[in-house]
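S.K.: Here the numbering used here is used: the sequence shown runs in plain steps of one and ends on residue 551. By construction, the Cβ of each residue, glycine as well, lies at the ideal position given by its N, Cα and C atoms. A single structure is presented below for examination.
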Amino acid sequence: MSTQDQSSADALPVRRGLASRLEKHRLWAIPVIVIVYAVGFNGQWRISPDSANFARLGRAIAAGEPYVGMLGKTPREHPGLPLLMATNFRLFGEDTLWPAMLAVWLMGLITIWLVYLVMRRRLGTGPAVAVACLCALTMSWYRYSFMLLSDIPFAMGFWLALLGYEYLYQAEGRRLWLGVCLLTAGIAVMAAFRSYALMFVAVFLLVTVLQLIRGPYRRRWAAVLGVAIGAMLLARMADTRLDSPAVALPDENIVITAVTDRLGYTAREAVTERIPKLLTDTLPEAVFGVDLGVPGVPVALLLVVLAAGLLRKDLLWGLLSLALIIERGTLVRSVTRYIIPILPLMAVAWWHFAGWTAERLRRPHGQRVFVALLLLWIVPNAVRVGRVALEQRRCDFYAHYQRGRYAHIHDLADDISKNTPPDAIVLTHSDMGAELSYLSERRVVLPIPRLRRHIRERIGTTPMLALKSKGDELEQSARQLGLRLSDPVATFQTGPDQTWTLHHTAPPRDRGDPDD
Numbered sequence: 036m037s038t039q040d041q042s043s044a045d046a047l048p049v050r051r052g053l054a055s056r057l058e059k060h061r062l063w064a065i066p067v068i069v070i071v072y073a074v075g076f077n078g079q080w081r082i083s084p085d086s087a088n089f090a091r092l093g094r095a096i097a098a099g100e101p102y103v104g105m106l107g108k109t110p111r112e113h114p115g116l117p118l119l120m121a122t123n124f125r126l127f128g129e130d131t132l133w134p135a136m137l138a139v140w141l142m143g144l145i146t147i148w149l150v151y152l153v154m155r156r157r158l159g160t161g162p163a164v165a166v167a168c169l170c171a172l173t174m175s176w177y178r179y180s181f182m183l184l185s186d187i188p189f190a191m192g193f194w195l196a197l198l199g200y201e202y203l204y205q206a207e208g209r210r211l212w213l214g215v216c217l218l219t220a221g222i223a224v225m226a227a228f229r230s231y232a233l234m235f236v237a238v239f240l241l242v243t244v245l246q247l248i249r250g251p252y253r254r255r256w257a258a259v260l261g262v263a264i265g266a267m268l269l270a271r272m273a274d275t276r277l278d279s280p281a282v283a284l285p286d287e288n289i290v291i292t293a294v295t296d297r298l299g300y301t302a303r304e305a306v307t308e309r310i311p312k313l314l315t316d317t318l319p320e321a322v323f324g325v326d327l328g329v330p331g332v333p334v335a336l337l338l339v340v341l342a343a344g345l346l347r348k349d350l351l352w353g354l355l356s357l358a359l360i361i362e363r364g365t366l367v368r369s370v371t372r373y374i375i376p377i378l379p380l381m382a383v384a385w386w387h388f389a390g391w392t393a394e395r396l397r398r399p400h401g402q403r404v405f406v407a408l409l410l411l412w413i414v415p416n417a418v419r420v421g422r423v424a425l426e427q428r429r430c431d432f433y434a435h436y437q438r439g440r441y442a443h444i445h446d447l448a449d450d451i452s453k454n455t456p457p458d459a460i461v462l463t464h465s466d467m468g469a470e471l472s473y474l475s476e477r478r479v480v481l482p483i484p485r486l487r488r489h490i491r492e493r494i495g496t497t498p499m500l501a502l503k504s505k506g507d508e509l510e511q512s513a514r515q516l517g518l519r520l521s522d523p524v525a526t527f528q529t530g531p532d533q534t535w536t537l538h539h540t541a542p543p544r545d546r547g548d549p550d551d
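Structure representation (structure tokens):
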């Protein structure tokens with residue numbers, strides 16, 4: 036593929052003019068983006084269950100412990116972020132998180148730069164600046180650049196691989212080898228952080244096979260095919276959770292089971308829950324920064340159509356966008372942050388859609404529509420970015436983050452640590468179990484059905500306590516495990532209306548077969 040001209044729509048004066056201005060002042064975009072992101076960085080942990088699991092695994096790796104879940108299960112978390120956390124703890128101590136957060140923050144900025152490089156090769160400098168700025172000021176990209184989650188690191192690998200693909204597509208000589216290195220590094224980074232790497236490689240291999248069939252440069256594409264397969268195999272061989280690269284990981288098994296043993300259930304869930312959530316919540320919020328609810332369905336459908344339209348501009352871009360949207364809408368849970376890797380592709384699609392719409396109107400109406408469509412992306416995201424930045428700068432950060440949900444979690448974790456032995460398992464119905472596990476350095480677990488067997492195996496050999504809040508059904512869950520709760524041995528107050536009690540557990544006086 037040869038580098039495209041600035042696209043037919045760039046003949047539109049307003050878009051050509053905007054692209055020209057952005058190209059002329061492109062160096063100003065760098066300090067502006069860095070300043071906006073610097074304002075939002077506060078070094079405080081934006082607590083979440085997934086980030087707590089990453090931090091807990093990282094602490095275990097730093098201490099030389101096996102890479103396993105709290106109850107000895109194979110962890111679903113990919114090793115990339117736990118290894119980053121382990122390095123952080125070894126260099127800066129177990130109570131310091133800000134260096135790891137700074138690393139993710141830098142990855143967010145580096146990925147924006149990679150997006151710019153890819154788009155400059157394909158669209159020209161002006162549109163590349165526009166796409167990079169649209170992504171940088173998207174609420175999803177901004178917020179998750181401050182969180183210890185795998186989304187931004189995965190996106191960096193994603194765009195490293197795409198930049199390598201661009202070099203392989205267009206370059207010769209040394210740049211061809213640079214493309215091989217970038218593609219290999221990108222696939223390795225993606226595989227270290229998320230199972231979606233398999234889907235990327237599958238789509239990439241499909242496109243590469245088509246290139247082999249159509250030609251030219253068949254030797255080049257045959258080599259690229261081998262490099263991609265080899266990079267993925269090496270990444271899987273390096274994953275300590277796998278006995279063999281052919282073994283499926285826990286999250287991969289979820290997808291495999293969804294399309295084999297549970298196909299009927301998956302179809303019902305897709306129709307009744309996942310697709311509606313994707314169209315009313317996930318896609319609109321990921322792109323525009325707002326949850327539009329049911330009125331957002333036409334907007335989300337438009338985004339899907341625009342993603343499909345990318346197939347005409349670049350087969351790989353279109354297939355990657357549709358593959359991720361379809362997977363998130365049918366097979367697995369639909370979450371806003373999972374759309375982050377393809378946000379730049381959606382920005383490209385929106386840029387072309389704004390130009391295509393404006394071309395069909397007479398001036399000055401076309402110019403106004405073009406600007407209005409860009410502002411439709413920019414304004415709601417800018418408002419949400421401002422809110423996140425303001426939240427980050429609050430003096431009492433945890434009183435505002437997640438509406439104060441974590442305001443007292445450090446105190447509660449300290450109380451758990453003081454009142455339980457180091458090897459204890461603490462049963463709870465709290466939805467903050469993962470967070471409390473990391474902060475208290477205890478195994479705080481929910482007695483849900485899939486964990487009951489693992490909990491039962493430790494009854495009688497491991498100290499087991501229960502953390503109960505007012506009104507929850509922890510006593511019933513304990514009975515299902517064959518346990519009863521003692522009288523409270525400690526009481527914790529974490530707010531005017533939130534009281535916790537800590538109980539020892541023991542077999543019932545007349546123990547029968549536990550009800551599971």
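Count the CB pairs spanning the segment 162-170 and the segment 103-119 that are closer than 8 Å, and state whether there are at least three.
M.R.: They do not touch, by the three-pair rule.
S.K.: Can you tell me whether M467 is buried or exposed, with buried defined as 16 or more other CB within 10 angstroms of its CB?
M.R.: Against the sequence shown, residue 467 aligns to sequence position 432. Label assigned to M467: buried.
S.K.: Going by the CB atoms, is the gap between L447 and L481 shorter than 8 Å?
M.R.: By 1-based counting over the sequence shown, the position of residue 481 is 446. By 1-based counting over the sequence shown, the position of residue 447 is 412. No. Outside cutoff.
S.K.: Judging by CA-CA distance, which residue of P311, A227, R156 and A342 is the nearest neighbour of L197?
M.R.: On the sequence shown, residue 197 is found 162 positions in, with the first residue counted as 1. The option with the nearest alpha carbon to L197 is R156.
S.K.: Quick check on M499: does DSSP put it in helix, strand or coil?
M.R.: As a working note, residue 499 is residue 464 in the sequence shown. Correct three-state label for M499: strand.
S.K.: By Cβ distance, which residues of its chain are closer than 7 Å to D548, with the 5 residues on each side in sequence left out?
M.R.: Stepping through the sequence shown from its first residue, residue 548 is reached at position 513. Reliability of the predicted coordinates at D548 is poor, the pLDDT of 45 falling under 50, and no value is obtained from them.
S.K.: With a Cβ-Cβ cutoff of 8 Å, do E201 and V153 count as a contact?
M.R.: By 1-based counting over the sequence shown, the position of residue 201 is 166. By 1-based counting over the sequence shown, the position of residue 153 is 118. Closer than 8 Å, so yes.
S.K.: Can we say the segment 333-345 touches the segment 263-282, given the rule of at least three CB pairs closer than 8 Å?
M.R.: No, because fewer than three Cβ pairs between the segment 333-345 and the segment 263-282 fall closer than 8 Å, the two stretches do not touch.
S.K.: DSSP three-state call for R519: helix, strand or coil?
M.R.: Start at 1 with the first residue of the sequence shown, and residue 519 comes out as number 484. Here R519 sits in strand by DSSP.
S.K.: Could you check how far apart the C-beta atoms of F89 and P117 are, in whole angstroms? I think they sit under 8 Å.
M.R.: For this step, residue 89 is matched to residue 54 along the sequence shown. For this step, residue 117 is matched to residue 82 along the sequence shown. Indeed, because the Cβ distance is near 5 Å, the residues count as touching under 8 Å.
S.K.: Can you name the start and end residues of the beta strand (DSSP E) that L366 belongs to?
M.R.: Within the sequence shown, residue 366 is the residue found at index 331, counting from 1. Segment: none, L366 is in no beta strand (DSSP E) and carries neither H nor E.
S.K.: Taking the alpha-carbon positions, what's the H538 to S504 distance?
M.R.: Position 503 of the sequence shown, counted from the first residue, corresponds to residue 538. Position 469 of the sequence shown, counted from the first residue, corresponds to residue 504. Approximately 11 Å, taken between the alpha carbons.
S.K.: Measure the alpha-carbon distance for G214 versus G261 and round it to whole angstroms.
M.R.: On the sequence shown, position 179 is the one that residue 214 refers to. On the sequence shown, position 226 is the one that residue 261 refers to. For G214 and G261, the distance between alpha carbons rounds to 14 Å.
S.K.: DSSP three-state label for L350, please.
M.R.: Taking the sequence shown and counting its residues from 1, the one referred to as residue 350 is at position 315. Three-state result, L350: helix.
S.K.: Take every Cβ of the segment 121-140, pair it with every Cβ of the segment 65-79, and state whether three or more of those distances are shorter than 8 Å.
M.R.: The answer is yes - the segment 65-79 touches the segment 121-140, with three or more Cβ pairs under 8 Å.
S.K.: Alpha carbon to alpha carbon, what distance is there between W352 and E394?
M.R.: Taking the first residue of the sequence shown as 1, we reach residue 394 at position 359. Taking the first residue of the sequence shown as 1, we reach residue 352 at position 317. Straight-line Cα distance between these residues: approximately 24 Å.
S.K.: On the three-state DSSP scale, how would you describe F76?
M.R.: Your numbering for residue 76 matches position 41 in the sequence shown. DSSP places F76 in coil when its eight states are reduced to three.
S.K.: Report yes if the C-beta distance between V420 and Y177 is below 8 Å; otherwise report no.
M.R.: Taking the sequence shown and counting its residues from 1, one reaches residue 420 at position 385. Taking the sequence shown and counting its residues from 1, one reaches residue 177 at position 142. Closer than 8 Å, so yes.
S.K.: Per DSSP, V461 forms a beta bridge with which residues?
M.R.: Reading the sequence shown from its first residue, position 426 is the one you call residue 461. Answer by DSSP bridge pairing, in chain order: V479 and L500.
S.K.: Tell me which residues share the same chain as A469 and place their Cβ nearer than 6 Å to its Cβ, disregarding the 5 neighbours each side in the sequence.
M.R.: The count along the sequence shown starts at 1 and reaches residue 469 at position 434. Here the set comprises P84, A87 and N88.
S.K.: If you drop the 5 nearest sequence neighbours on each side, which residues of the same chain put their C-beta closer than 7 Å to that of A220?
M.R.: Taking the first residue of the sequence shown as 1, we reach residue 220 at position 185. The residues are L195.
S.K.: Look at the alpha carbon of T243 and the alpha carbon of L233, and state the distance between them as a whole number of angstroms.
M.R.: If you number the sequence shown from 1, residue 243 lands on position 208. If you number the sequence shown from 1, residue 233 lands on position 198. Each residue's alpha carbon lies about 15 Å from the other.
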